[in-house]
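Enquirer: Residue numbers (my numbering), protein chains in the order written: chain A, 1 to 401; chain B, 1 to 401.
Protein chains: 2
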Amino acid sequence: MDILELVRTLKTSNDSKIVMLVADGLGGLPQQLGGPTELEAANTPHLDALAAGGVSGSMIPIKPGITPGSGPGHLGLFGYDPLKFVIGRGALEATGVGFSLGPDDVAIRCNFCSLDAAGRITDRRAGRIPTEQSAPLAVGLRQIELPGVELFVEPVKEHRFVVVFRGRGLGGNVADTDPQKTGVAPLDPVAGDQQSQRTAEVARQFIAAATKLLSGEPQANGLTMRGFSVKPNLPTYQQVYGLRAAAIAVYPMYKGLAQLVGMEIVGSPGSLEEEIDVLAEAWDDYDFFFVHFKYTDSRGEDGDFDAKVKVIEEFDSVVPRATALGPTVLVVTADHSTPAKLASHSWHPVPTLLVADTCRTDGCRAFGEREALQGGLGRFEAIYLMPLALAHAQRLGKFGA
Amino acid sequence: MDILELVRTLKTSNDSKIVMLVADGLGGLPQQLGGPTELEAANTPHLDALAAGGVSGSMIPIKPGITPGSGPGHLGLFGYDPLKFVIGRGALEATGVGFSLGPDDVAIRCNFCSLDAAGRITDRRAGRIPTEQSAPLAVGLRQIELPGVELFVEPVKEHRFVVVFRGRGLGGNVADTDPQKTGVAPLDPVAGDQQSQRTAEVARQFIAAATKLLSGEPQANGLTMRGFSVKPNLPTYQQVYGLRAAAIAVYPMYKGLAQLVGMEIVGSPGSLEEEIDVLAEAWDDYDFFFVHFKYTDSRGEDGDFDAKVKVIEEFDSVVPRATALGPTVLVVTADHSTPAKLASHSWHPVPTLLVADTCRTDGCRAFGEREALQGGLGRFEAIYLMPLALAHAQRLGKFGA
């Protein structure tokens, strides 16, 4: 029995409210040895007060040394073992553009590519064609008709787009057509099992029709398909935790990830302030609130230490509005670290804090990576964050008599 | 291979002595933010001296956020993964009243209930009939004769009693008869597998005979049966650890749990002082001693912070008598926390200390929850406590060459 199954058997109900504030990519690194991280450098009086009154810890997103993408990072936060529950790449890409996958869907990540006269790939990314040019091409592919299958095509960014086939009995086990090198033709979409034969056949038809439509294009005259995948079969927050869960996010990726675990998307906020407005408005209707703040990750990805410090301070400034609502349990965390020094996601543990009436004093006085090392939550894996939040909300019964 | 199997292959023998002092429910919570826990508030000079000379840690009974009952809590302490080894509810209840289950036994938790003239339940607990009235009724049921099966009936408390059927080939997979609501008749005991058909039939005969015997009772004129279970199949301390293990406890539940892993029950002490007397008397005859102290849990369950502080101080006062015996390894721990603030078991980690000549200095100066966070044992799951104790007793060989 794993922790998710155990929690499922122990869940009880009450009128507690749990708020999880996720500052994406919050954890950081010092610019030089011995210096502060972005969070430690930031002036965060409200988060520091929460750390003083709650318990802190150093959370490992997946396992030590493993850097998560947004999908596994959020699955872990939501309490689903990312090594057990896998979101296919196509499904994640579709989720990221706000496409709500259904049970009859197969989603595929596609790239425009450049082909020579013999059909061999000369550029796997079609010269990184700008989005203004690629998006109309992707939309143009919607005119393709596939017998017995509904087709969806969504532009992404530059050379990327997403294709979804909708139809009964379409398996997701089809090999990538991207040969990962130039000078050869795209591969045939080969089915890996009986159930996916039809998917492979539909993909062949789609590729043929698309290549015909794109034949006059100077750069994007071909395509490759990768990461064929069906909607992941995740138990919902209601099923596992007995929680009516709301997701409040600006970006489609995070709304999509929350939807995969059965959260309801609430509002359509455009900023962190508006997210807290939505939180307040939805307060009475849900038990659990996932609030996602994107820009800590964005500024980390930019490699801009000072800008990340600034958005952390912006994040801090809205915290009192969340605490004023009186959550039974307030969690502040992240799906992973995004140190400006690395300008990318990283494996470093995420400073995490939990505030509830049932916290034991741990001596932390501020919210930061070094303080969190001394915290009462210790060093723990992300999949235990939801069980801890539920325990402090007194929503878990005793295990055994 | 899990840790128990690994330890089993590595065990060696010597003349070391391991003492595990279990102060049930020891871990606590501050009464108000920033304040001390019960253990931190208590004056515990002897435990503090041990912490200064040994290593401390913050022990997670099961997994983060999970509150254990006494069964899983002790299984974890004894080194048996509580998520793998499950003690059925009936078996635990029988264990709790000191009934020593054998291999041919099926144990069942029973409740007296109130039935109306049509046989429908009007009160699932027979008005919580007092023990003085219910115990003789339970004893009266012993006169029931079941062909080919030996019957045991043990009163518990108020409306509760335990029934054990003893006979060859009785399976434990029978559905509860408690419908969990009033206004309907008790359910039929339905077998869940072929092996349990006979158990279900015996249960039907028992229910019919018991209902007849109870028919004149004003309140307790019916019964329900729950948690049918056979004796859990646990490897013994001798088999796994090569230890001759003694259990010293006042309450039947803890003696019973220790017996399930093959410990011998030594003496019949009535107090903590008497438990230490027994420890001294049995010193030469065993390698491992489990000494259980109940009242830290009891006062926590009472919600009485000051009384829990007082019994912790009482516990501290006998510690020198245990150390004077010169154990190779002394462990002080608990099966779970029972904060007075919650008046119940909780999921909070348990402050734990281990003293041996092979301890590395860790800087802890006192025994308490905050100090333990900084301790050399770090944050660890209970199932690793026995391997650590055995290692410090130099009873584990090297793994691999």
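Idealized CB from N, CA, C, for every residue including glycine.
Check the Cβ of residue 283 of chain B against every Cβ in chain A and list those closer than 7 angstroms, keeping chain order.
Expert: Neighbours of residue 283 of chain B on chain A: none; closest Cβ ~32 angstroms, over 7 angstroms.
Enquirer: Using CA coordinates, which residue listed in A:126, A:229, A:92 and A:196 is at the minimum distance from residue 112 of chain A?
Expert: A:126
Enquirer: If you count every other CB in all the chains shown that lies within 10 Å of the CB of residue 221 of chain B, and 16 or more means buried, which is it?
Expert: buried
Enquirer: Against residue 384 of chain A, what residues of chain B qualify as contacts under a CB-to-CB distance less than 7 angstroms, listed in chain order?
Expert: 63, 64 and 65
Enquirer: Could you check the C-alpha separation between residue 153 of chain B and residue 174 of chain B for me, to the nearest Å?
Expert: Between the alpha carbons of residue 153 of chain B and residue 174 of chain B lies a gap of roughly 18 angstroms.
Enquirer: What residue range does the alpha helix (DSSP H) around residue 373 of chain B cover?
Expert: That run of the alpha helix (DSSP H) goes 369-373.
Enquirer: Residue 384 of chain A and residue 64 of chain B: beta carbons closer than 8 angstroms?
Expert: yes
Enquirer: Name, in chain order, the residues that DSSP records as bridge partners for residue 333 of chain A.
Expert: Per DSSP, A:22.
Enquirer: How would you list, in chain order, the residues of chain A whose beta-carbon sits under 7 angstroms from the beta-carbon of residue 299 of chain B?
Expert: Those do not exist, as residue 299 of chain B stays about 18 angstroms from chain A at its closest Cβ, beyond 7 angstroms.
Enquirer: Using the Cα positions of residue 75 of chain A and residue 82 of chain A, report the straight-line distance between them to the nearest angstrom.
Expert: 6 angstroms
Enquirer: How many whole angstroms separate the CB atoms of residue 176 of chain A and residue 226 of chain A, which I take to be in contact at a CB cut-off of 8 angstroms?
Expert: 4 angstroms
Enquirer: CA-CA distance, residue 245 of chain A and residue 364 of chain B?
Expert: Approximately 42 angstroms between the Cα atoms of the pair.
Enquirer: Straight-line CA distance for residue 164 of chain B to residue 190 of chain B?
Expert: 17 angstroms
Enquirer: What does residue 226 of chain B pair with, by DSSP beta-bridge criteria?
Expert: Partner(s): B:109.
Enquirer: May I ask you to report which of helix, strand or coil DSSP gives residue 123 of chain B?
Expert: strand
Enquirer: Can you pull the chain A residues whose beta carbon is under 9 angstroms from the beta carbon of residue 369 of chain B, in chain order?
Expert: 360, 361, 362 and 376
Enquirer: Can you give the beta carbon distance from residue 349 of chain A to residue 60 of chain A, rounded, assuming they're within the 8 angstroms contact cut?
Expert: Between residue 60 of chain A and residue 349 of chain A the Cβ distance is about 5 angstroms, and since that is below 8 angstroms, they are a contact.
Enquirer: Can you pull out the residues from the stretch 12-39 of chain B whose beta carbon lies closer than 9 angstroms to at least one beta carbon of chain A?
Expert: 27, 28, 29, 30, 33, 34, 35, 36 and 37
Enquirer: Using a cut-off of 7 angstroms between C-beta atoms, extract the partners of residue 59 of chain A located in chain B.
Expert: Residues of chain B passing the Cβ test: none, with the nearest at roughly 11 angstroms.
Enquirer: Report the three-state DSSP secondary structure of residue 129 of chain B (helix, strand or coil).
Expert: coil
Enquirer: Does the stretch 269-282 of chain A come within contact of the stretch 222-242 of chain A, defined as at least 3 CB pairs closer than 8 angstroms?
Expert: no
Enquirer: Mind pulling the chain B residues with CB within less than 7 angstroms of residue 53 of chain A?
Expert: 33
Enquirer: In the structure shown, what three-state DSSP assignment does residue 231 of chain A receive?
Expert: The DSSP-derived three-state label of residue 231 of chain A is coil.
Enquirer: Kindly list, in the order they appear in chain B, the residues whose Cβ is closer than 8 angstroms to that of residue 396 of chain A.
Expert: By Cβ distance, chain B contributes 65, 66, 67 and 347.
Enquirer: Rounding to the nearest angstrom, what Cα-Cα distance links residue 228 of chain A and residue 122 of chain A in this structure?
Expert: 23 angstroms
Enquirer: Do the CB positions of residue 166 of chain B and residue 184 of chain B come within less than 8 angstroms of each other?
Expert: Note that the C-beta distance between residue 166 of chain B and residue 184 of chain B is not below 8 angstroms.
Enquirer: If the cut is a Cβ gap below 9 angstroms, which residues of chain B does residue 391 of chain A touch?
Expert: 64, 65, 66, 67, 346, 347 and 348
Enquirer: Output needed for residue 346 of chain B: all residues of its chain with C-beta closer than 6 angstroms, excluding positions within five of it in sequence on either side, in chain order.
Expert: 67, 337 and 339
Enquirer: Across the stretch 245-261 of chain B and the stretch 277-289 of chain B, are there enough close Cβ pairs to call them in contact, namely three or more that are closer than 8 angstroms?
Expert: yes
Enquirer: Under the three-state reduction of DSSP, which class applies to residue 55 of chain A: helix, strand or coil?
Expert: strand
Enquirer: Check each residue of the stretch 78-100 of chain B: if its Cβ is closer than 9 angstroms to any Cβ of chain A, include it; give the result in chain order.
Expert: 82, 83, 84, 86, 87, 89, 92, 93 and 96
Enquirer: For residue 317 of chain B and residue 44 of chain B, what's the separation of their Cα atoms in angstroms?
Expert: 8 angstroms
Enquirer: In the DSSP assignment, the alpha helix (DSSP H) including residue 387 of chain B goes from what residue to what residue?
Expert: In the DSSP annotation of this structure, the continuous segment of the alpha helix (DSSP H) that includes residue 387 of chain B starts and ends at 385-392.
Enquirer: What in chain A is Cβ-close to residue 71 of chain B, meaning under 7 angstroms?
Expert: 400 and 401
Enquirer: One question on the structure: do residue 332 of chain B and residue 356 of chain B come within less than 8 angstroms of each other, judged by their Cβ atoms?
Expert: Taking 8 angstroms as the Cβ cut-off, residue 332 of chain B and residue 356 of chain B do not qualify as a contacting pair.
Enquirer: At a threshold of 7 angstroms, does residue 389 of chain B count as lining the ligand NAP (C-beta to nearest heavy atom)?
Expert: Here there are no bound small molecules, and the ligand NAP is not part of this structure.
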